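Chains as they are written, first to last, in UniProt numbering: chain A, 1 to 245; chain B, 1 to 300.
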C-alpha cells in the first residue's frame with residue numbers, strides 16, 4: 001500500500017542545512033498497521049508529514065497504492081491518505097460547528113454538499129448525532145479527537161496517518177480512542193501508520209514497529225518482539241526499558 | 001420542489017433562526033455583566049435613534065437664522081443656548097448626529113473590508129506578496145491622516161465626501177497589520193493543515209478558515225477606531241475642510257464657537273460635549289465587544 005524509498009528530508013540552507021530524515025526506506029502492506037517510535041526530534045513526525053503531503057522538502061520516492069506521488073498532490077492522491085493530528089484542541093476549526101467540520105472535506109473536494117454524510121460519520125466514531133450542532137469548545141478532548149478521526153474518514157481514505165493521536169489525551173480516554181482506531185481498522189480494512197513516542201501505544205496498535213533515531217531506522221520489531229520485549233539494537237533496548245518501568 | 005424537501009428546508013431555516021436567537025441571548029447575557037459596555041451601547045443606540053428621527057425630535061430648524069435670538073445662554077426655550085445667528089444649538093447637535101453617523105459608517109465600511117483583505121492575503125500568501133503589501137501599508141501608515149486630508153481637500157475641494165475619502169485612505173493600514181498578524185498565526189495551525197490535506201483551495205482556506213478567525217479582532221479594532229474617526233472628522237470640520245456651513249457638523253460648530261468662547265461658552269462647549277460622549281461611547285462599546293467576541297480576553 002505504501003512504499004517509501006530513500007526518503008530524505010532536510011530543512012534550512014547552506015551551512016545551516018539540517019538533515020532530519022536520512023535516506024529511509026520502508027513499506028506497509030494493505031491492511032497493516034505500522035508503528036514508528038522514537039524520541040522527540042528524531043524525525044518520525046516529519047516522515048509522516050511527508051507521507052501526507054504537508055512537508056514538501058523531501059527527496060526520494062513515495063508511492064501510495066502503487067502509484068508514485070509528487071510533492072504537490074492531486075485530489076485523487078489526497079483522497080488516498082488522510083491524517084489525524086496530535087492535538088485535538090488545535091486540529092479542529094474553533095468557529096466551525098461539528099457538522100461543518102465533517103462536511104467540509106467533501107465540500108472542499110467538490111464531491112457534493114457533504115451534510116448528508118454527517119450523521120453516519122458521527123455514528124462511526126461513536127458520537128451521538130446531536131453533536132453535529134455543537135462547537136468544538138463544547139466537546140471534551142477525547143470527543144474532539146473522535147471528531148478529528150471522523151473527519152479523516154469522511155472521504156473514505158484507505159490509509160490513515162496518525163501523529164501521536166492520543167498523547168494529548170487523558171490516560172483513561174487514550175484507551176477508548178485507541179480501541180476505536182483498532183475497531184475502525186478491522187471494519188474498514190484501513191492501513192495505518194502510527195507515530196508515537198509511547199511504546200505501549202505502539203505495542204497495542206501495531207503489527208510491526210520501526211525504531212527511529214536521528215533520522216534513521218535502527219531496529220524493526222514484529223508483533224511477537226513487541227509483546228515479548230525482544231529487541232535487536234542497543235537503542236531500542238534502552239527505549240523499552242524506559243517505557244516499561 | 002417536492003413537499004418533503006420543502007419541509008426539510010423549512011426545518012433548516014427554523015433551526016438556523018433558533019441558533020441565532022440562542023447565541024444572541026448568550027451575548028446579551030454576557031453584556032449585562034458589563035455595565036460600562038451596556039452604557040456605551042445605550043448611548044450609541046440613543047445617538048442612532050436621534051439621527052434617524054432628527055426632524056421630529058429637534059425643536060427648531062438647524063439652519064434658519066433668527067438674529068434677535070443670537071447668543072442666548074442655555075434656558076428652557078433653548079436648552080443648549082443659541083449661536084451667533086440665533087440658531088438653536090440643541091437642534092443643530094441633533095441634526096449633526098446624522099453627519100457624524102454617516103461619516104463613521106462610511107469610513108468603517110470602506111476601511112474594514114479593505115484592511116481585512118489586504119492583511120489576510122499578506123499573512124496567508126507570505127513571501128513577495130506579503131513584502132509588497134506590507135511596504136505599501138508602511139508607506140500609507142507614515143502619512144499623518146490630517147495632513148493627507150488637507151491635501152485632498154485642497155485638490156478636490158472641501159466637503160464631507162472628501163473628508164470621508166481622506167480619513168479612509170489613512171485608516172486601513174492598522175487594520176491590515178492586525179489582520180496580517182492574526183493570519184500568520186492561523187495559517188500554521190493544524191486545522192489549516194488538515195484542510196490542505198483534504199484539498200481545500202487557497203481561496204477557500206482564505207475566506208472560510210483564516211478570515212473568520214481574524215474578523216473578531218478587526219471588528220473590535222474598527223469600533224475603537226470609530227472614536228478616532230469622529231475626532232478626525234471634527235478636526236477637519238474645525239479647520240473648515242469637512243462638511244461646509246451651514247450644515248451642523250460638530251467640529252465646524254466648535255470652530256465657529258471659538259470666536260465667542262470667552263463670553264458665550266456654550267457655543268463651543270455643547271458640541272464638544274457631544275463629541276466627547278460619542279467617542280467615549282464608541283470606546284466603551286469596543287471594549288465590551290472585545291470581551292464578547294474574543295474568548296482570550298475573558299475577564300474572570
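Using N, Cα and C, we set each Cβ at its ideal position, and we do this for glycine too. None of these values were measured; they are calculated from a predicted model.
Candidates the options: closest to residue i by CA position
i: residue 209 (chain B); options: A:104, A:219, A:82; result: A:104
i: residue 201 (chain A); options: A:34, A:18, A:10; result: A:34
i: residue 60 (chain A); options: A:31, A:175, A:7, A:140; result: A:7
i: residue 225 (chain A); options: A:53, A:67, A:210; result: A:210
i: residue 187 (chain A); options: A:173, A:124, A:164, A:152; result: A:124
i: residue 45 (chain B); options: B:33, B:282, B:127, B:35; result: B:282
i: residue 137 (chain B); options: B:148, B:151, B:119, B:145; result: B:119
i: residue 229 (chain B); options: B:289, B:141, B:146, B:76; result: B:146
i: residue 86 (chain A); options: A:158, A:193, A:145; result: A:145
i: residue 151 (chain A); options: A:121, A:131, A:142, A:175; result: A:121
i: residue 93 (chain A); options: B:62, B:106, B:86, B:188; result: B:188
i: residue 364 (chain B); options: B:264, B:260, B:250; result: This structure cannot speak to residue 364 (chain B), because chain B is shown only from 1 to 300.
i: residue 306 (chain B); options: B:43, B:199, B:26; result: There is simply no residue 306 (chain B) to check, as chain B begins at 1 and stops at 300 in what is shown.
i: residue 111 (chain A); options: A:139, A:84, A:73, A:154; result: A:154
i: residue 86 (chain B); options: B:274, B:26, B:170, B:267; result: B:267
i: residue 66 (chain A); options: A:53, A:80, A:55, A:74; result: A:80
i: residue 123 (chain B); options: B:143, B:33, B:214; result: B:214
i: residue 68 (chain A); options: A:136, A:238, A:1, A:172; result: A:1
i: residue 196 (chain B); options: A:147, A:72, A:48; result: A:72
i: residue 296 (chain A); options: A:241, A:237, A:207, A:169; result: Chain A is shown from 1 up to 245; residue 296 (chain A) falls before or after that span and cannot be answered.
i: residue 243 (chain B); options: B:265, B:257, B:158; result: B:158
Beta-carbon proximity check, residue i vs residue j, cutoff 9 Å
i: residue 114 (chain B); j: residue 175 (chain B); result: yes
i: residue 181 (chain A); j: residue 199 (chain A); result: no
i: residue 220 (chain B); j: residue 293 (chain B); result: yes
i: residue 194 (chain B); j: residue 196 (chain A); result: no
i: residue 214 (chain A); j: residue 231 (chain A); result: no
i: residue 286 (chain B); j: residue 235 (chain B); result: no
i: residue 54 (chain B); j: residue 95 (chain B); result: yes
i: residue 194 (chain A); j: residue 205 (chain A); result: yes
i: residue 100 (chain B); j: residue 51 (chain B); result: yes
i: residue 72 (chain B); j: residue 160 (chain B); result: no
i: residue 116 (chain B); j: residue 181 (chain B); result: no
i: residue 82 (chain A); j: residue 198 (chain B); result: yes
i: residue 108 (chain A); j: residue 125 (chain B); result: no
i: residue 238 (chain B); j: residue 262 (chain B); result: no
i: residue 227 (chain A); j: residue 189 (chain A); result: no
i: residue 102 (chain A); j: residue 113 (chain A); result: no
i: residue 184 (chain A); j: residue 38 (chain A); result: no
i: residue 108 (chain B); j: residue 222 (chain B); result: yes
i: residue 27 (chain A); j: residue 47 (chain A); result: no
9 Å Cβ cut-off: residues of chain A touching residue i
i: residue 195 (chain B); result: 93, 104, 105, 108
i: residue 21 (chain B); result: Correct list: empty, because the minimum Cβ distance to chain A is about 14 Å.
i: residue 213 (chain B); result: 93, 94, 95
Buried versus exposed, by CB contacts within 10 Å (16 or more), residue i
i: residue 21 (chain B); result: exposed
i: residue 1 (chain B); result: For residue 1 (chain B), the pLDDT reaches just 46, beneath the cut-off of 50, and the residue's location in the model is therefore unreliable, although a value from the coordinates is still provided. It is exposed - the Cβ of residue 1 (chain B) has fewer than 16 other Cβ atoms within 10 Å.
i: residue 99 (chain A); result: buried
i: residue 300 (chain B); result: Low local confidence applies: a pLDDT of 44 at residue 300 (chain B) is under 50, so the model's placement there is unreliable, and no value is given.
i: residue 14 (chain A); result: exposed
i: residue 20 (chain A); result: buried
i: residue 128 (chain A); result: exposed
i: residue 225 (chain B); result: buried
i: residue 11 (chain A); result: exposed
i: residue 78 (chain B); result: buried
i: residue 139 (chain B); result: exposed
i: residue 130 (chain A); result: exposed
i: residue 35 (chain B); result: exposed
i: residue 75 (chain B); result: exposed
Chain A contact residues for residue i, given Cβ-Cβ distances below 7 Å
i: residue 190 (chain B); result: 85, 87, 90, 91
i: residue 199 (chain B); result: 75, 78, 108, 109
i: residue 209 (chain B); result: 93
Within chain B, the residues that residue i reaches when beta carbons sit closer than 8 Å
i: residue 82 (chain A); result: 197, 198
Residue i: contacting residues in chain A (beta-carbon distance under 8 Å)
i: residue 204 (chain B); result: 108
Interface partners of residue i on chain B, CB under 9 Å
i: residue 151 (chain A); result: 194, 198
i: residue 53 (chain A); result: 196, 197
i: residue 190 (chain A); result: Here the premise fails: no neighbours, minimum Cβ distance about 16 Å.
Per-residue contacts from residue i into chain B (C-beta, under 7 Å)
i: residue 155 (chain A); result: 198
request  = Counting only runs of 3+ residues fully inside the stretch 148-232 of chain A, write out the beta strand (DSSP E) ranges in chain order.
outcome  = 159-163, 191-196, 208-213, 216-222
4 or more residues per run - each alpha helix (DSSP H) lying fully within the stretch 42-85 of chain B: 54-57
* Asked: Which residue spans inside the stretch 131-219 of chain B form an unbroken alpha helix (DSSP H) run of at least 4?
  -> 145-156, 160-186, 190-197
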